[in-house]
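4 protein chains.
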Amino acid sequence: MLRVGIIGATAYTSLELIKILLRHPEVKITYLGVRRTDRPRISDIFPTLKNLLDLKCETIEQKEVPENIDLAFITLPPTISMQYVPLFIQKSIKVIDFSADYRFRDKSLYERWYKTQHTDSKGIETAVYGLPELFREKIKKARLVGNPGCYTTATILALAPLLMKGLVFPEDIIVDAKSGVSGRGREPKEDTHYCECNENIEAYSVGGHRHSPEIEHILSMRTNQKVSIQFVPHLIPMNRGILCTIYAKPKHGMTVGANGHSPFSDHEVHKLYKEFYGNGPFIRLKEGHETPRTKDVTYTNFCDIATKVTENRIVILSAIDNLIKGASGQAVQNMNVMCGFDEKTGLL
Amino acid sequence: MLRVGIIGATAYTSLELIKILLRHPEVKITYLGVRRTDRPRISDIFPTLKNLLDLKCETIEQKEVPENIDLAFITLPPTISMQYVPLFIQKSIKVIDFSADYRFRDKSLYERWYKTQHTDSKGIETAVYGLPELFREKIKKARLVGNPGCYTTATILALAPLLMKGLVFPEDIIVDAKSGVSGRGREPKEDTHYCECNENIEAYSVGGHRHSPEIEHILSMRTNQKVSIQFVPHLIPMNRGILCTIYAKPKHGMTVGANGHSPFSDHEVHKLYKEFYGNGPFIRLKEGHETPRTKDVTYTNFCDIATKVTENRIVILSAIDNLIKGASGQAVQNMNVMCGFDEKTGLL
Amino acid sequence: MLRVGIIGATAYTSLELIKILLRHPEVKITYLGVRRTDRPRISDIFPTLKNLLDLKCETIEQKEVPENIDLAFITLPPTISMQYVPLFIQKSIKVIDFSADYRFRDKSLYERWYKTQHTDSKGIETAVYGLPELFREKIKKARLVGNPGCYTTATILALAPLLMKGLVFPEDIIVDAKSGVSGRGREPKEDTHYCECNENIEAYSVGGHRHSPEIEHILSMRTNQKVSIQFVPHLIPMNRGILCTIYAKPKHGMTVGANGHSPFSDHEVHKLYKEFYGNGPFIRLKEGHETPRTKDVTYTNFCDIATKVTENRIVILSAIDNLIKGASGQAVQNMNVMCGFDEKTGLL
Amino acid sequence: MLRVGIIGATAYTSLELIKILLRHPEVKITYLGVRRTDRPRISDIFPTLKNLLDLKCETIEQKEVPENIDLAFITLPPTISMQYVPLFIQKSIKVIDFSADYRFRDKSLYERWYKTQHTDSKGIETAVYGLPELFREKIKKARLVGNPGCYTTATILALAPLLMKGLVFPEDIIVDAKSGVSGRGREPKEDTHYCECNENIEAYSVGGHRHSPEIEHILSMRTNQKVSIQFVPHLIPMNRGILCTIYAKPKHGMTVGANGHSPFSDHEVHKLYKEFYGNGPFIRLKEGHETPRTKDVTYTNFCDIATKVTENRIVILSAIDNLIKGASGQAVQNMNVMCGFDEKTGLL
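Chains as they are written, first to last, in numbering that gives the first Met the number 0: chain U, 0 to 347; chain H, 0 to 347; chain X, 0 to 347; chain V, 0 to 347.
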């Protein structure tokens, strides 16, 4: 049995992680760490876990590394994570970090957006970006994985095939993203008050959102071109789910419903995605006129994708559960790859 | 033009008050007071008011009474209100207070439930309970009105006819109440976080809610019997609206669908309510099998009521908008009565 | 492997059933039957199942019994079920029926409420009521189980301990029930239109709801007294979840917070429930001031219960997921008991 | 008093129309027409109107034109409207039509998208597009107004200033639109079932939505260039509200936060919009980092707009209430202009 710990156990993502791990036949949750000193039971923080997991949470304030774990999921906020991760790595504990602290290969990019000096250069160099559909081989050998952001997961999965194949321009890509409120985190703030979110939709961070540079960085690295996106996120009155509507410009003249040889027909593009994602167990491609609905992916680790070639642009729609494929499900998927389990274990 | 001020202008009830008053042909909002020192525009706090009311809010920290108002709506929390109300009364400004501070005629009852000594005995003696359907004549002559609680308005209006007529036992009355989240107020707290309220329903204050003694107190006073209720409120995933489902025990053997002479037929009970509320412009009685829906009363000052005689109990259903008939609409209705305007002005 | 079939595969409860069964290590779904002739894939009807179950649905119009199943879950509407169930019983296939057709032991009671003559008297006599917490031993030996209604499950589980122990009067029990909209079924109707349900709450079937006689019938039978309840259901703007708030009258003078020997203290009542439900894996009792929240039970087979002794009544709160413990989870729990599996299999 | 009638009185837009007109001091609702023969009271169809308007609805099946109206609001579906409108025009009754039947100046464009031959060529030639901010002078003299679509209103208002000034390319404009469910209409269908819409977001009509040609047609006409947009609408889990996020490409090199002379700074663009919309009473421009929230415009006739100049594109955000500024409020605004009332009457 792999012994796992969750450091930052009171986050919404941690609740989802626990629910998945409780079903995982190869792992046992042996440690829960929180930035509190009162040792609450996890089932007092999340009553839904009562009789499922009644473990007590230990304090991490002293920065002591638990002895009884083989792998740590770290769900602390960005700039905090990097204070803890090296301690675990030094004890030969594998780490999957949920924050942005290990997603960038370029330290300066991180520092510009998170306005903090990165304290773990070594970690940032060795960490692997935890998107198995694109980096599976690297994750297999990794000891430290930077789990991707939620919006970034949906966007990168949607764009990778077209960019890898060089079918669309890498710049002037429009990403209009929509997310449920759990993406905002658990802390009570004015903008997560029920009456501020309910019966309302609004855009935010229009000037620049932290996921923008992450998306551009990873896609540029992986597809060898300078990717530049326009990213506008919106808050939707629902608990969970992300839908990204992406508009990319085809490199050659487009044809709508053309013969089987033009790369810019719905048929050909669909085929491209099918081949690119092969047997990747968590990518589902919609057929015909169907578009992805977040309700079909919530509570699952699936990413549903649809593509539509129109007169001017290729529209790609991509739906995930921000807490699962956008965080905890993906983390378990990474763990499965790192530890040699079937990639679907605990997730289907 | 009657000049009105709102003291506590950042509350949800204040926003509703402003929207109603802007439509009222006889009044002008000349003063907004807040417990802040930064003099924000009200339309910065409530962007929906931009171009409708851009007045700046004045600080009330110094407890100075504005000179330019004839009537004050005070929307401060309980125990705070009573520090301000006497100052206004002394300046001959009429006051409608939204808190519980002036709802009780019995000081000790207030002190037991709000755990604070009441500092304005004189006010508590002279104040009138602001439920026009029951206390219209007193309100006409009042200088100080204690605006009722939201749950209490719905419950008292539902029960008054049956209790006045002595048709039901005044004890063992069950009141199962349901309210939208705006009833919780504007301050961000764990239990008003969108993800805690959405897709969820729960009861609270099961042991005793502050509206319980208020309901019993007012109904006992008005109907000359010792009224005792069992009151359990629930939080519903919607912005606004209250539905109370009330179960009262008929005093004599009941008859379901009987002849026209038994007082306990749907027909007779309906007639009783019709006569009791006469031309009260804001009570609407449902007919036949229709039950009140909160969506039919939200954004209005109506209270929709239905009664159903069953084998064992009389069931009364009562729906209001907690922010309007449960607070701000009722306050304007009280103002209309106090100032000699048609009771419906600004409200229909 | 136990081979199971679902007859009526397009219902919301069928989707939940499939999701649970896909995780059940002892069963395999080998047959899906629908009242259609076009043989759709189940993943076309429920896109969330794509890549999880792509089985085609067979028509049941001809009333042919499939050869490849050992146990059938029948999710057809009441009065339709009883046309199919006997066909399966005759072929020695175990049946768990979701409708009301096999819940009553008294045929006339069924016929009065469902206004249809029951065509399977033998079935009605031999069927067992599928509430394991109360009827586990009978279910073990049953070949035909009538799966309880959703409201009835929540209500019976809440009241059984107090009634069995004779601590409350069996009449004048008030049951105020609240349910999410999935309880209304999948068919588009005016009253399930998003805009009619959202931001609204209303009571319905105030005069009498079909679950009323079912609750009274089962509780009367099981506790040997004539139980009579006042049941009023309400529609809540959420997908799923049921909360019942129940008010029962204690048989002796009540005491609030009394010594440890009075049966009517919170402590003693809590103890009674703990003993009554013993190791029943799906009943969770709330402690202290906590009340059940539907969000803690949705997507689980748990029933969370809290009890509160007040001056006048004992208030019992009971929360379940109407689709899981109120239908499909309970059905799998029954299957586990009937087939000798651990009762929790597939459900935790 | 202007006597008005509503033909198609059971639509959601008709309910909103009635609520606005009941507050309008210059008009009286004298006629309600429906495609039914049972003469229901409007307050039976919309219980919220009880005691506000209890008028009976007359049948329009015989196509008789009522004698007692001066102006007709026609809220019938497209292709049906055009069967009725000429009858009213012939009787010198002014008409404001809510459908698409009179929005296009090009008959062939209408016929291509609505797949029906237009039967009222004369009407289509003389009708005026009912967007006062752009066509006020024409509306003043109009006898027949085609009330714009909801998405089109939000989009055209957002883009007009930039296109009129020639600051952005008229092609490759991306319009990502989001709407509440009332935009789908009142009829119960699978895709408006509460459980299908709640906790979900999805795109639809990705290949082409009927509002696309309308937007291009009107903007092309008004700004004298061939405007081509990519339009993707999405269904949002809320009752009402539309947010459009629009991405337009600036014609010259862009500068972020430049000096006051470049036309492509936030400051200059904001100034452009301010000048363009002048004293138009219903356009509100957001300042600084604020973005439009649909909750600030619902239940009002306002359109809130924000513009943001980014590295690559100009992002314009536009929020309206689909039922008010997107339909009924705009219709009353048009009526005010047509009949010489202050444009804000009944709307503020």
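No residue lacks a Cβ here, since even glycine has one placed at the ideal position from N, Cα and C.
T29 (chain U) (DSSP reduced to helix, strand or coil): The three-state secondary structure of T29 (chain U), taken from DSSP, is strand.
Between the alpha carbons of M337 (chain U) and D100 (chain X), how many angstroms are there, rounded? Each residue's Cα considered, the two are about 52 Å apart.
Rounded to whole angstroms, what's the CA-CA distance from K106 (chain V) to T191 (chain V)? Just pull it up for me. Those two C-alpha atoms are separated by around 31 Å.
Output the residue ranges of the alpha helix (DSSP H) runs that lie fully inside the segment 201-261 of chain U and measure 4 residues or longer, sorted by chain position. For the segment 201-261 of chain U, whole alpha helix (DSSP H) runs of length 4 or above, ordered along the chain, are 210-222.
Give the range of the alpha helix (DSSP H) segment to which D100 (chain H) is assigned. From DSSP, D100 (chain H) is part of no alpha helix (DSSP H); its letter is neither H nor E.
Three or more C-beta pairs below 8 Å linking the segment 109-118 of chain X and the segment 138-147 of chain X: The segment 109-118 of chain X vs the segment 138-147 of chain X: no contact.
Whole-angstrom distance between I41 (chain H) and L16 (chain H), CA atom to CA atom: Roughly 13 Å between the two C-alpha positions.
Assuming D295 (chain V) is part of the alpha helix (DSSP H), what are its boundary residues? 293-296 is the extent of the alpha helix (DSSP H) around D295 (chain V).
Residues that S181 (chain U) contacts on chain H, provided the C-beta gap is smaller than 7 Å: Neighbours of S181 (chain U) on chain H, chain order: C194.
May I ask you to list, following chain order, the residues of the segment 45-71 of chain U that have a beta carbon less than 9 Å from some beta carbon of chain X? If the cut-off is 9 Å between Cβ atoms, the segment 45-71 of chain U has F45, P46, T47, L48, K49, N50, L51 near chain X.
Just by C-beta distance, which residues in the segment 305-326 of chain H are closer than 7 Å to chain X? If the cut-off is 7 Å between Cβ atoms, the segment 305-326 of chain H has K307, T309, N311, R312, V314, L316 near chain X.
Contacts around K90 (chain H), its chain only, beta-carbon distance under 7 Å, and the 5 residues preceding and following it disregarded: Result list for K90 (chain H): V64, in chain order.
Is D295 (chain X) close to chain U? Criterion is C-beta to C-beta, closer than 8 Å. For D295 (chain X), the answer is yes, since a Cβ of chain U falls inside 8 Å of its Cβ.
Under 8 Å from the C-beta of T191 (chain X): neighbouring residues of chain V: Correct list: P187, H192, Y193, C194.
Applying the 10 Å Cβ sphere with the 16-neighbour rule, what's the burial state of E342 (chain X)? So E342 (chain X) ends up on the buried side.
In whole angstroms, what separates the C-alpha of N67 (chain H) from that of T74 (chain H)? A direct Cα-Cα distance of roughly 18 Å separates N67 (chain H) from T74 (chain H).
Can you check which of these residues, X:E310, X:L347, X:I323, X:L162, is closest to G207 (chain H) by C-alpha distance? Comparing Cα positions, the closest option is X:E310.
So that I know if they touch, is there some Cβ in chain U lying closer than 8 Å to that of T344 (chain X)? Between T344 (chain X) and chain U, the shortest Cβ-Cβ separation is not below 8 Å.
Per-residue DSSP class, three states only, for V94 (chain X): V94 (chain X): strand per DSSP, three-state reduction.
Step through the CB atoms of chain A and report whether any lies within less than 8 Å of the CB of Y83 (chain V). Reference to chain A is not applicable here, since the protein chains of this structure are U, H, X and V.
In angstroms, rounded to a whole number, what distance separates the CA positions of P147 (chain X) and P46 (chain U)? About 26 Å.
Can you grab the Cα-Cα spacing for the pair K18 (chain X) / V331 (chain X), in whole Å? Each residue's Cα considered, the two are about 11 Å apart.
Considering only their Cβ atoms, is the gap separating T36 (chain U) from F97 (chain U) smaller than 8 Å? Their beta carbons are not under 8 Å apart, which means F97 (chain U) does not touch T36 (chain U) by this criterion.
List in chain order: all unbroken beta strand (DSSP E) runs of 3+ residues lying wholly within the segment 25-91 of chain V. If only complete runs of 3 or more residues are kept, the segment 25-91 of chain V shows the beta strand (DSSP E) at 26-33, 70-73, in order along the chain.
Would you say A201 (chain V) faces chain X, with C-beta separation under 8 Å as the test? At residue 201 (chain V) the sequence reads Glu, which differs from the Ala that was named. No - not a single Cβ of chain X is within 8 Å of the one on E201 (chain V).
Cβ of E198 (chain V) within 8 Å of any chain X Cβ: The beta-carbon of E198 (chain V) is placed less than 8 Å from the nearest beta-carbon of chain X.
May I ask you to report which of helix, strand or coil DSSP gives K137 (chain H)? Residue state, collapsed to three classes: helix.
Given 8 Å, three or more beta-carbon pairs between the segment 260-279 of chain H and the segment 217-231 of chain H: Result no; under three Cβ-Cβ pairs closer than 8 Å.
Just the Cα atoms here: how many angstroms apart are L322 (chain H) and Y150 (chain H)? Pairing L322 (chain H) with Y150 (chain H), the inter-Cα distance amounts to about 11 Å.
I want to see whether chain H comes within less than 8 Å of S227 (chain X), judged by CB atoms only; does it? Output row for S227 (chain X): interface = yes.
Would you identify the three-state DSSP class for T306 (chain H), choosing helix, strand or coil? For T306 (chain H), the three-state secondary structure derived from DSSP is strand.
Give the DSSP-derived three-state secondary structure of H348 (chain H) in the structure shown. Any answer about residue 348 (chain H) is impossible in this case: the structure gives chain H only from 0 up to 347.
Helix or strand or just coil, what does DSSP make of L284 (chain X)? Strand.
Report the residues of the segment 235-255 of chain V with a CB closer than 7 Å to any CB of chain X, ordered along the chain. If you check each beta-carbon in the segment 235-255 of chain V against every beta-carbon of chain X, the ones closer than 7 Å belong to N238.
Measure the alpha-carbon distance for E136 (chain H) versus Y128 (chain H) and round it to whole angstroms. Straight across, the Cα-Cα distance linking E136 (chain H) with Y128 (chain H) is about 11 Å.
S178 (chain U): first and last residue of the uninterrupted alpha helix (DSSP H) it sits in: Careful: S178 (chain U) lies outside any alpha helix (DSSP H), inside the beta strand (DSSP E) at 172-178.
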